[in-house]
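Undergrad: Right, I'll just put the structure down here and ask away after.
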Amino acid sequence: MKILPAICLCLLTLPILATANSLEQASDMCCELTKVRYSFVNHSMLESNSSKDPILAAADADEGSATVTDAFDYDRKSPVKAFLLSLAVPGLGQYYYGSRAKPLMFLGIEAVSWFLHINWHGDGDNLTDDYESFNNTHWSESRYRTSLDWIYGSTQESEITEKEINHTLPETKVQQYYEMTGKYNQFAWGWDDADLEGNAFEDYSAGNPPPRIRGDSVPYSANRVVYEGMRDDANNKYDDATKMIYVAMANHLISAFEAFFMTRHLNAEAAKAKADFANIKIRARLRSIYESMDTPYLAFTYKF
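Take the sequence shown: its letter number 58 is residue 65 in this note's numbering, and every next letter is one higher.
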């Protein structure tokens, strides 16, 4: 009869022993996981001061902690190099120091200025062809030299001493030829519609020459007026084309100096930012609240 209570006692003890064994195994596994997580922490730190956060101590011992100045790292650029780059190609110096909008602006000005120069110079060439053709149609060198012979007794300007005949017509039809025939009064009788007080060139002769070409005796020609207007239009186009060259040159210089001074400014700003935050450090850490739970946070340190 005494055996039965002993058997019952054994049966009751077995579950308790099993539960205790399970708890012990779970505790051992948790400790092993914790050791794995904190394997980078020195074991002596864990045993020496249980009240101190081992993760915090490890982070304090880390000399490679990040600082705020890391955020202001700036690859210093050469102002002289930026100047020379933009002097060669407007906008290239701006791209060198890090801008993305200014290079497009300076390159755009460069492209537009050269486009307009080429376009307007071509318009000037076309207008020049037009007025030269007009001159060849309405002005006659033969008629002009005949008028000189009738008035002054010679067809060559060099043989005439009167002061109103002070220009010598080029032998070939170069630019000066076309300029003189419309610009100066001594060539006025060469125009096919020249008229002096109702008298055309055909109304005169060697025995009845027109008066000397001066003052009120200069014949009027509507074709000459039209011709001078055509020449002015062509010259204005050439002037506009030349202005675009000046714009391109100014664009090179402005871009170069802007790149030089902006690069210096960026270098100075980066150095100032690093100096202002040199004493601030930022560390990423894990603080142990429970054995199996960690809380990440950032630690800011300022050195006065």
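Yeah, the Cβ is synthetic: ideal placement off N, Cα and C, and Gly gets one too.
Do you know how far the Cα of A266 is from the Cα of Y104?
TA: Distance between the alpha carbons of Y104 and A266 is about 8 Å.
Undergrad: Does the distance from the CB of Q193 to the CB of E178 come in under 9 Å?
TA: No, the pair does not count as a contact, with Cβ atoms beyond the cut-off.
Undergrad: Which residue from S154, H174, N142, S165 puts its Cα closest to that of D202?
TA: The option with the nearest alpha carbon to D202 is S154.
Undergrad: Run through DSSP, which three-state label would N56 get?
TA: With a pLDDT of 44 at N56, under the threshold of 50, the modelled position of this residue cannot be trusted; read the value that follows with caution. It is coil, neither helix nor strand.
Undergrad: Would a C-beta distance cut-off of 9 Å place P86 and R271 closer than the cut-off?
TA: For P86 and R271, yes; Cβs fall inside 9 Å.
Undergrad: Select from P217, D247, A195 the residue whose C-alpha is nearest the C-alpha of W127.
TA: Selected option, being the one with the closest Cα: D247.
Undergrad: Whole angstroms are fine: how far does the CA of E117 sit from the CA of R83?
TA: Computed Cα separation, rounded: 28 Å.
Undergrad: Which residues in the same chain have their Cβ closer than 7 Å to the Cβ of P218, if we skip the five residues on either side of it in sequence?
TA: Excluding positions up to five away in sequence, the list reads S224.
Undergrad: Which of helix, strand or coil does DSSP assign to L176?
TA: It is coil, neither helix nor strand.
Undergrad: State the CB to CB distance for the pair G98 and A89, rounded to an integer number of angstroms; the pair is presumed to be in contact (CB under 8 Å).
TA: Between A89 and G98 the Cβ distance is about 11 Å, and since that is not below 8 Å, they are no contact.
Undergrad: Comparing C-alpha positions only, which one of L134, K244, Y138 sits nearest to R231?
TA: Ranking the options by Cα distance to R231, first place goes to Y138.
Undergrad: Quick check on DSSP: helix, strand or coil for A213?
TA: Note: A213 maps to coil in three-state DSSP.
Undergrad: Quick one: what does DSSP say A263 is sitting in, helix, strand or coil?
TA: In the structure shown, A263 sits in a helix (DSSP, three-state: H, G or I).
Undergrad: When you compare only the Cα positions, how much space is there between R152 and G236?
TA: Cα to Cα, the separation comes out at about 25 Å.
Undergrad: Between the C-alpha atoms of A277 and A263, what's the straight-line distance to the nearest angstrom?
TA: In a straight line, the C-alpha of A277 is about 21 Å away from that of A263.
Undergrad: Measure the alpha-carbon distance for A364 versus F141 and round it to whole angstroms.
TA: Any question about residue 364 goes unanswered here, given that the chain covers just 8 to 311.
Undergrad: Comparing alpha-carbon positions, which option in K281, G205, A257, A275 lies nearest L94?
TA: Selected option, being the one with the closest Cα: A257.
Undergrad: Would you mind listing the alpha helix (DSSP H) stretches within the region 97-161 that are 4+ residues and don't spill past its ends, in chain order?
TA: Runs found: 99-104, 109-145, 148-159.
Undergrad: Would you tell me roughly how many angstroms separate the C-alpha atoms of G6 and W157, rounded to the nearest one?
TA: As shown, the chain starts at 8 and ends at 311. That puts residue 6 outside it, with no answer to give.
Undergrad: For the alpha helix (DSSP H) holding Y184, just list the boundary residues, first then last.
TA: Start and end: 182-190.
Undergrad: Would you kindly report the start and end of the unbroken alpha helix (DSSP H) that includes V87?
TA: Its alpha helix (DSSP H) spans residues 86-95.
Undergrad: What are the partner residues of D246, as DSSP defines its beta bridges?
TA: Looking at the DSSP assignment, D246 forms no beta bridge with any residue, so it has no partner.
Undergrad: On the premise that T175 lies in contact with S165, defined as a C-beta separation below 8 Å, what is that separation, rounded to the nearest angstrom?
TA: At roughly 6 Å, the Cβ-Cβ gap stays under 8 Å, so S165 and T175 are in contact.
Undergrad: Check each candidate in W146, E169, F122 and name the one with the smallest Cα separation from G189.
TA: Nearest C-alpha to G189: W146.
Undergrad: Looking at P216: is its Cβ nearer than 9 Å to the Cβ of W198?
TA: No, these two residues do not count as a Cβ contact at 9 Å.
Undergrad: Taking M251 and S120 to be in contact with their CB atoms under 8 Å, please state how far apart those CB atoms are, rounded to whole angstroms.
TA: M251 to S120, Cβ: 5 Å. Contact.
Undergrad: Quick check on the burial criterion: 16 or more other C-beta atoms within 10 angstroms. Buried or exposed for G131?
TA: Burial call: buried.
Undergrad: When the distance is taken between beta carbons, is R238 closer than 9 Å to Y185?
TA: Cβ atoms of Y185 and R238: closer than 9 Å.
Undergrad: Can you list, in chain order, the residues of its chain with a C-beta nearer than 8 Å to that of Y245? Leave out the 5 residues immediately preceding and following it.
TA: So the list reads W127, H128, G131, once near-sequence residues are dropped.
Undergrad: Confirm, please, whether the CB-CB distance from I167 to A195 is below 9 Å.
TA: In this structure, I167 does not lie closer than 9 Å to A195 by Cβ.
Undergrad: Using three-state DSSP, classify D202 as helix, strand or coil.
TA: Of the three classes helix, strand and coil, the one that applies to D202 here is strand, per DSSP.
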